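Undergrad: Chains as they are written, first to last, in the numbering used here: chain C, 481 to 833; chain G, 165 to 635.
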Amino acid sequence: MSSSLIITSYSLLFLLLFSVSLFGFIIIRRLVLEARQVRFQRLYKQIEKDVLEAISLLKPDFSLEVARRHKGHSEVLTQVLLDFGDIIVGEGREQLRIIFDHAIKDECLRRLASWRTAKRLQSVRLFIIFFDPAESAFLFRLLNDKPIVKLAVINALARIPSPETLSHIFKAFEEDTGYAVQAYFNIMFSLGNRSEPYVKAFLNKPLSAEKLGLLVELVGAIPLRTLYGDVIALAGHPDKEIRIRVARTLGKLLIPETVDTLVALSSDEAWEVKAQAVKSLGRMKNLKTLDVLGRSLFSPFWHVRYNAGYGLAEMGEEGLRRLKEVAAQDEDRYARDMSVMVLNDLIFAGGAA
Amino acid sequence: MGEILHVILHIVNIIILIYFFLINAFYLLFIILSLFGIINHRNLTTYISFKEVFRLPLVKPISIIAPAHNEEKTIVDSIQSLLALEYPVFEVIVVNDGSTDRTLDKMIKAYQLEKSRRVFRKVVDHKPVKGIYRSPSHPKLVVVDKVNGKKADALNAGLNISRYPLFCAVDGDSLLEKDALLKMVRPFLEDPEKTVAAGGIIRLINGCIVTRGQVQEVRLPRNALARFQIIEYFRAFLGGRIGMSMLKSMLIVSGAFGLFRKDIALQCGGYRTGTIGEDMDLIVRMRRYLHDMKRPFEIRFIPDPICWTEAPETLKSLSRQRNRWHRGLLDTLRYNKVMLFNPRYGITGLFAMPFYFIFEMLGPFIELLGYIIFAACVGLGMVNYPFALLFFLVAVVLGVFLSLLSILLEEYSSARYPRLRDILILTLFSLLENILYRQWLTLVRVIAFFDFYKGKEEWGAMQKKGFAQAG
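(1) Please list, in chain order, the chain C residues whose beta carbon lies closer than 8 angstroms to that of Val368 of chain G.
(2) With the cut-off set at 7 angstroms, would you say Leu319 of chain G and Ile229 of chain G are in Cβ contact?
(3) Write down the C-beta distance between Ala547 of chain C and Ala583 of chain C rounded to the nearest angstrom, noting that I regard them as a contact closer than 8 angstroms.
(4) Could you list which residues in chain B have their beta carbon closer than 8 angstroms to that of Leu538 of chain C, in chain order?
(5) Report the option in C:Lys804, C:Tyr708, C:Gly762 and C:Val518 whose CA atom is closest to the CA atom of Leu683 of chain C.
(6) Tell me the DSSP bridge mates of Phe424 of chain G?
(7) Can you say whether Arg679 of chain C is buried or exposed, counting buried as having 16 or more other CB atoms within 10 angstroms of its CB?
(8) Leu803 of chain C touches chain G at which residues, Cβ-Cβ below 8 angstroms?
(9) Taking only three categories from DSSP, how would you classify Gly635 of chain G?
(10) With a threshold of 7 angstroms between beta-carbons, can Val334 of chain G be considered close to chain C, or not?
(11) Are the CB atoms of Leu572 of chain G and Ile506 of chain C within a distance shorter than 7 angstroms?
(12) Apply the 10 Å Cβ neighbour rule to Gln276 of chain G and answer buried if 16 or more other Cβ atoms are within range, or exposed otherwise.
(13) Is Met668 of chain C close to chain G, meaning its C-beta is less than 7 angstroms from at least one C-beta of that chain?
(14) Within the 7 angstroms Cβ cut-off, does Val283 of chain G reach chain C?
(15) Among G:Gly364, G:Thr264 and G:Ile179, which one has its Cα closest to the Cα of Tyr397 of chain G?
(16) Hey, quick one: how far does the beta strand (DSSP E) through Pro231 of chain G stretch, first residue to last?
(17) Where does Ile571 of chain G sit, in a helix, a strand or coil, going by DSSP?
(18) Looking at the secondary structure, which residues open and close the beta strand (DSSP E) in which Glu255 of chain G lies?
(19) With H, G and I counted as helix, E and B as strand and the rest as coil, what does DSSP make of Thr437 of chain G?
(20) Does the distance from the CB of Met795 of chain C to the CB of Lys759 of chain C come in under 7 angstroms?
(21) Quick check: the segment 605-620 of chain G against the segment 486-494 of chain G, are there 3 or more CB pairs under 8 angstroms?
(22) Residues of chain C with CB closer than 9 angstroms to the CB of Asn129 of chain G, please, in chain order.
(23) If contacts are defined as beta-carbon pairs under 8 angstroms, then Ile466 of chain G and Pro351 of chain G qualify, I think. What distance do you get, rounded to the angstrom?
(24) Using the rule of at least 16 other Cβ atoms within 10 Å of the residue's Cβ for burial, across every protein chain shown, is Gly504 of chain C buried or exposed?
(25) I'd like the list of long-range same chain contacts for Ile202 of chain G, defined as Cβ closer than 8 angstroms, with 5 residues on each side in sequence excluded.
(26) So which residues on chain C does Ile587 of chain G lean against when the C-beta distance must stay under 8 angstroms?
(27) What does Val820 of chain C touch in chain G if you count any residue whose Cβ is under 8 angstroms from its own?
(28) Below 8 angstroms on C-beta distance, what does Leu496 of chain C contact in chain G?
(29) Who are the neighbours of Phe551 of chain G on chain C, taking C-beta pairs under 8 angstroms?
(30) Around the C-beta of Trp595 of chain C, are 16 or more other C-beta atoms found within 10 angstroms, so that it is buried, or is it exposed?
(31) With respect to the beta strand (DSSP E) encompassing Glu462 of chain G, which residues constitute its N-terminal and C-terminal limits?
(32) By the three-class DSSP mapping on this structure, what secondary structure does Gly762 of chain C have?
(33) Reducing DSSP to helix, strand and coil, say where Thr375 of chain G ends up.
(34) So Asn824 of chain C contacts chain G; which residues on that side make the cut at Cβ distance below 9 angstroms?
(35) What is the C-beta distance between Gly789 of chain C and Val822 of chain C, in whole angstroms, given that I count them as a contact (C-beta under 8 angstroms)?
(36) In the DSSP output, what is Gly638 of chain G paired with across the bridge?
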């Protein structure tokens, strides 16, 4: 028997063995998962029934009894608490907390140290729902974890109304690099006005353009109207993205004192900044800016014309008059077409209403 | 003379063996990488509620562009599925690319479309637009009626008319799952500067039960060709693309479902209208442009946003589709040949493009050469029959093994086929595909090569059955 024949025979043998094992693994895994799913569903229904009863009875003794009864089924109980914890508030949540505290809290604390990210994440989510300020130390330790766990922790911290947690969140924001930065927006947004002193301080720090832009955007989203002065100070920032965000934020804050800044930004060298400034001016509905918007309708940039058109439409009767004038002229067909489209759109929207 | 022929045949045999070893080693590597990628992705997303993405004020709005040409049987369901998507701000732009059937009439009737005087910026070129329609009852819907110019041209028209910074290219005959956009947008949130494109999974709708534009029950089709294609799609999307994405070498974001940054696509000149493989072409040109500009970028593949599409169920329509795909590949490789083996284009020039060139473009020829050499050896009495039989069995079992691994990937990623019977049937078909089906596909791709050099430009549209009757 030649060596090539022997090698091929062995290859075939091993491949057959691997394939049959793999096939067996797929089938057995499916059967095991199905069986586990059936058991999980059965237990889930049972626990769900008890938890619902605890929520409606609002008797701590009964909730304790439920915790004792299902302590052995931590996986299913965790899922039930995750599902209900997000939607139940008030006294019902307190009953869920009793069940959590007495049935699976200890295990959750152990899971916070698990090597499996999914387990840590699951536990963090439970702590987010049933947060007890006394446990913040456990969560602070996880601030050095993987980005996804760290974000979940920060999310949990955002629910605690103490200056200490705010400082942790902003410190993490300052130190964090890369992809998680955007996710901070959601967390800081949930802090609302509480974040104002920190946002003000951080707007004056030498942060990266991405972080600074995010903070500017945050001022408009919450909105933090008293910080308009700090935002205006960034209108001359060398980064175009920051200027765009400044223009957008001012359009959300709607403070009359910022009109001059927006007018200045409407003649910025970057068309994206111009377009955003024009859009924000439209939102301000300040009749003094009619001329700026009217001129912008003749801009060589489509987006500027587009925003100017809709900006004028928001100005009411006077804006509509300007649009009709531009629609009737023939000197600039681009400005005319845009005005016609905006007017047509107004009629369309009116018809739909 | 006989001695020389013997040596030549021996050398060719060795080349074919090396090729066989290399291609299967790469496929195995991709599948193993995918397995890690899927498990990691699943672990991280199990406890993330995608509904939370919905609340993020920084989520960028998306323009969905769906070109449609003679899609009268599926267009209303497709639009319904697109309008039902869960996403904060989006618009649906359906581009009727000169359909000769009742596609436009059906849309006008179903959505009470009215002609609009919307103006748009013509940044990229396309055939004339005959009219833009809007629906009073569905303000997110915009229908563009234009002169036929093929898919790339229709997508360009959609790009010009779209308003938002991200665009999602979908086929007019595809159905997206409700949370597909929310899942797909994740890399654009994680790294908005670097992420320029993302692709999701394409699954076959044949055999599934569809109501109101959504897949209600996943079933295997009865048609054998469609079953073969299900396994192929598992291998291509769950194995190939996730693996390629992990190696930062993804060259294809499927035209049926891909999310792109509009500014980058426009800076590359939009879709190239001369090509029929517009999806691969756009990604390769984006990579080329970004490498030229020395800008860091990411093109990601996300394993859980799902798009359902109908697969051809006849040999004729399948051969047309594969012929078109292969011609598209050849065209893209030829158009961007400067990138091949060029270190200036990083991993794209040194790995991704050469991989497609050697294993996808030349692959069918090498496979065909193998069959021809085998026939020649039989004729010359040079065949070692026990070895040939064993080698054939090794090739078949290796193919089945790779298919089983891709079925395992499917089980780990979403396990959409609920019945155990489905797994058994798919395993059986992964065995059967090695007999005739695989060889036939090789021949189709070889013919496509010659068609391409003859200048064939036929699109090769397939006969649609409509979702309700699919299967």
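C-beta atoms are modelled at their ideal positions from N, C-alpha and C, and glycine is treated no differently. Remember, it's a predicted structure, so these values are computed and weren't measured experimentally.
TA: Based on what the coordinates show:
(1) The amino acid at residue 368 of chain G is misidentified as Val; the sequence shows Leu. Neighbourhood of Leu368 of chain G in chain C, by CB distance below 8 angstroms: empty, with the nearest CB roughly 20 angstroms away.
(2) In this structure, Ile229 of chain G lies closer than 7 angstroms to Leu319 of chain G by Cβ.
(3) That belief holds up - the Cβ atoms of Ala547 of chain C and Ala583 of chain C are roughly 4 angstroms apart, short of 8 angstroms.
(4) The structure shown has no chain B; the protein chains it does contain are C and G.
(5) Of C:Lys804, C:Tyr708, C:Gly762 and C:Val518, the residue nearest in Cα terms is C:Tyr708.
(6) Within the DSSP secondary-structure output, Phe424 of chain G pairs in a beta bridge with G:Phe331 and G:Ala361.
(7) At residue 679 of chain C the sequence reads Val, which differs from the Arg that was named. Burial of Val679 of chain C is indicated by the presence of at least 16 other C-beta atoms within 10 angstroms of its C-beta.
(8) Chain G residues near Leu803 of chain C: none, gap ~13 angstroms exceeds 8 angstroms.
(9) Note that Gly635 of chain G scores 40 on pLDDT, short of 50, meaning its location in the model is unreliable; the coordinates nonetheless yield the value given after this. It is coil, neither helix nor strand.
(10) Under the Cβ distance rule, Val334 of chain G does not count among the residues neighbouring chain C, no pair being separated by less than 7 angstroms.
(11) With contacts defined by Cβ atoms closer than 7 angstroms, Ile506 of chain C and Leu572 of chain G form a contacting pair.
(12) The Cβ neighbour count for Gln276 of chain G, taken over all protein chains shown within 10 Å, is under 16; the residue is labelled exposed.
(13) Using beta-carbon distances, Met668 of chain C does not count as an interface residue toward chain G, since no partner is under 7 angstroms.
(14) Val283 of chain G counts as touching chain C.
(15) Relative to Tyr397 of chain G, the option among G:Gly364, G:Thr264 and G:Ile179 whose CA is nearest is G:Gly364.
(16) Run containing Pro231 of chain G: Ile226 to Ala232, per the beta strand (DSSP E) assignment.
(17) If DSSP states are grouped into helix, strand and coil, Ile571 of chain G belongs with the helices.
(18) Per DSSP, the continuous beta strand (DSSP E) segment holding Glu255 of chain G begins and ends at Phe254 to Asp261.
(19) The answer is coil: DSSP assigns Thr437 of chain G none of H, G, I, E or B.
(20) At a Cβ-Cβ threshold of 7 angstroms, Met795 of chain C and Lys759 of chain C do not count as neighbours.
(21) Counting Cβ pairs under 8 angstroms, three or more are found: they touch.
(22) Outside the displayed range of chain G (165 to 635) lies residue 129 of chain G, so it cannot be described from this structure.
(23) Confirmed, about 7 angstroms.
(24) With fewer than 16 other Cβ atoms within 10 Å, it is exposed.
(25) Cβ neighbours of Ile202 of chain G beyond the five flanking positions: Leu402, Ile406, Pro467, Leu573, Tyr576 and Ser577.
(26) Ile506, Ile507 and Arg510, listed in chain order.
(27) Residues of chain G passing the Cβ test: Arg281 and Val283.
(28) Close to Leu496 of chain C, with beta-carbon spacing below 8 angstroms, are these residues of chain G in chain order: Val561.
(29) Within chain C, the residues near Phe551 of chain G are Ser482, Ser484, Leu485 and Thr488.
(30) When all chains shown are included, Trp595 of chain C counts as exposed.
(31) In the DSSP assignment, Glu462 of chain G falls within the beta strand (DSSP E) that extends over Glu462 to Thr473.
(32) DSSP places Gly762 of chain C in helix when its eight states are reduced to three.
(33) Looking at Thr375 of chain G - three-state DSSP - the assignment turns out to be strand.
(34) Result: Ser280, Arg281 and Arg282.
(35) About 4 angstroms separates the two Cβ atoms, so the contact holds.
(36) Beyond the ends of chain G as shown, which are 165 and 635, falls residue 638 of chain G; an answer cannot be given.
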